[in-house]
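Peer 1: Our numbering numbers the first residue of the sequence shown as 97 and each following residue consecutively. Cβ coordinates follow ideal geometry from the N, Cα and C atoms, glycine included. Since this is a predicted model, take the numbers as computed values, not measurements. Before I ask anything, here is the structure I am working with.
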Amino acid sequence: MNHEMYMREAIKQAKLAYEMDEVPVGAIVVKDGKIIGKGFNLRESTKRTSAHAEIEAMNDAGKSLNSWNLSGCTVYVTVEPCQMCAGAMIQAHVDTVVYGANEPNSGSYGSVLNMSEIEGFNHYPKVIPNILESEGRLLMKEFFKEKRNNEVKIKRVDEKSYNLYLDVRKKVFVEEQNVDIGLEIDEYDSTNNENVMHVMAVVNNQVVGAARYVKKGDTLKVGRVAVLKEYRKFKIGTKLLQDAEKQAKNNGFKRLELGAQIQAIPFYEKNGYKEYGEVFDDVGIDHIMMEKEIK
């Protein structure tokens, strides 16, 4: 059997995971020289603990065979299987497991433990390691390097960064949403107002997000939450709201409130905010007030 040829098919699956911002692991299942199952890591997208590449590929193969039993099948996976996936392959009676890169944190065929050496199972797949190992390892390395470069830092805005912070707000509210600049910049926009905190989200030394917190008695009002379009997949808006909650807790505020654009209500609801009051117009856009109690 041409292991490298089939492993390249698994690598194609891993690249699909990469494109979805998932850890890039891919797998295929082969029987009688034919690919009968494909899968890649989907754990973040599906929120399912079991959504590893091997499990996804075996489930796909099971549909092809109309059976959970994968006797006579070979699983190709770009990274050494974890305990969960190695156990699933034992349970499915997979004949052979072919993997690429070693996995030092969870690998179950020699890196952390070796499932082949544990006595008592009624089936042990044949294991062939390190096929196209460097390609699978490089894909993982590039993914996590990109993740580190895209790490989001929430920082307080100062005089030096103030214009960069305002640029984000202008791009989102003025250029994207056609808000008048005279309405977007108001009396709260100063770094010298002790009742206002301006914060920015920074990725790889670039300001990509903005928010403003205004003190109102026992309430911290969150406003002007903006994230550049190309960075919205990184959950930066959520990180800004988490920072607002941290600031509220640390400074004794009892609640958070904000005026949400109607189209943004689901986003704020996911972050624990609840609607109150009636819909109102602000700068020509329908809004509604939302709040979150500080516990």
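1) Give the straight-line distance between the Cα atoms of N259 and G203, rounded to the nearest whole angstrom.
2) Who are N210's beta bridge partners in DSSP?
3) Taking the alpha carbon of A92 as the reference point, which residue from F349, I131 and G135 has its own alpha carbon closest?
4) Whole angstroms is fine: what's the gap from E105's alpha carbon to G168's?
5) How many Å lie between A147 and V379 at the Cα?
6) Is it the case that the segment 251–268 contacts the segment 290–305, given that we only count it when at least three CB pairs across the two stretches are under 8 Å?
7) Kindly indicate which residue of E371, D377 and I381 has the alpha-carbon position closest to the one of E387.
8) What three-state label does DSSP hand H396 in the structure shown?
9) Helix, strand or coil for R328, going by three-state DSSP, please let me know.
10) Looking at C-alpha atoms only, which residue of E280, E115, N347 and N301 is the closest neighbour of K311?
11) Helix, strand or coil for M185, going by three-state DSSP, please let me know.
12) Would Y195 be called buried (16 or more neighbouring beta carbons within 10 Å of its own) or exposed?
13) What residue does the beta strand (DSSP E) around E371 start on, and which one ends it?
14) Classify I384 as helix, strand or coil using the three-state DSSP reduction.
15) Taking only the alpha-carbon atoms, compute the straight-line gap between Y172 and K222 and give it to the nearest angstrom.
16) Applying the criterion that 16 or more other CB atoms from any shown protein chain within 10 Å of the CB defines a buried residue, is D339 buried or exposed?
17) Answer with buried or exposed for I396, where buried requires no fewer than 16 other C-beta atoms within 10 angstroms of its C-beta.
18) To the nearest angstrom, how far is it from the Cα of G206 to the Cα of E215?
19) According to DSSP, which residues form a beta bridge with H148?
20) Could you pull out every unbroken alpha helix (DSSP H) segment of at least 4 residues lying fully inside the segment 126–179, listed in chain order?
21) Kindly indicate if chain D contains any beta-carbon less than 9 Å away from that of V303.
22) Hey, is the segment 329–336 in contact with the segment 272–281, meaning 3+ C-beta pairs nearer than 8 Å?
23) Quick one, which of L209, K366, I224 and I361 has its alpha-carbon nearest I384's?
24) Is Q357 helix, strand or coil by DSSP?
25) Which residues bound the alpha helix (DSSP H) around Y114?
26) Locate the alpha helix (DSSP H) running through G232, then write down its first and last residues.
27) Would you identify the three-state DSSP class for K391, choosing helix, strand or coil?
28) Using C-beta distances below 6 Å, list every residue in its chain close to I277, excluding the 5 sequence neighbours before and after it, in chain order.
Peer 2: Reading it off the structure:
1) 48 Å
2) Y205
3) There is simply no residue 92 to check, as the chain begins at 97 and stops at 391 in what is shown.
4) 19 Å
5) 44 Å
6) yes
7) E371
8) This structure leaves residue 396 out entirely; the chain is present only between 97 and 391.
9) helix
10) N347
11) helix
12) buried
13) K370 to D378
14) strand
15) 12 Å
16) buried
17) This structure cannot speak to residue 396, because the chain is shown only from 97 to 391.
18) 15 Å
19) Answer is none; H148 lacks a bridge partner.
20) 139–142 and 149–161
21) Absent from the structure is chain D; it holds one protein chain and no more.
22) no
23) I361
24) strand
25) H99 to E115
26) E229 to N245
27) coil
28) V270
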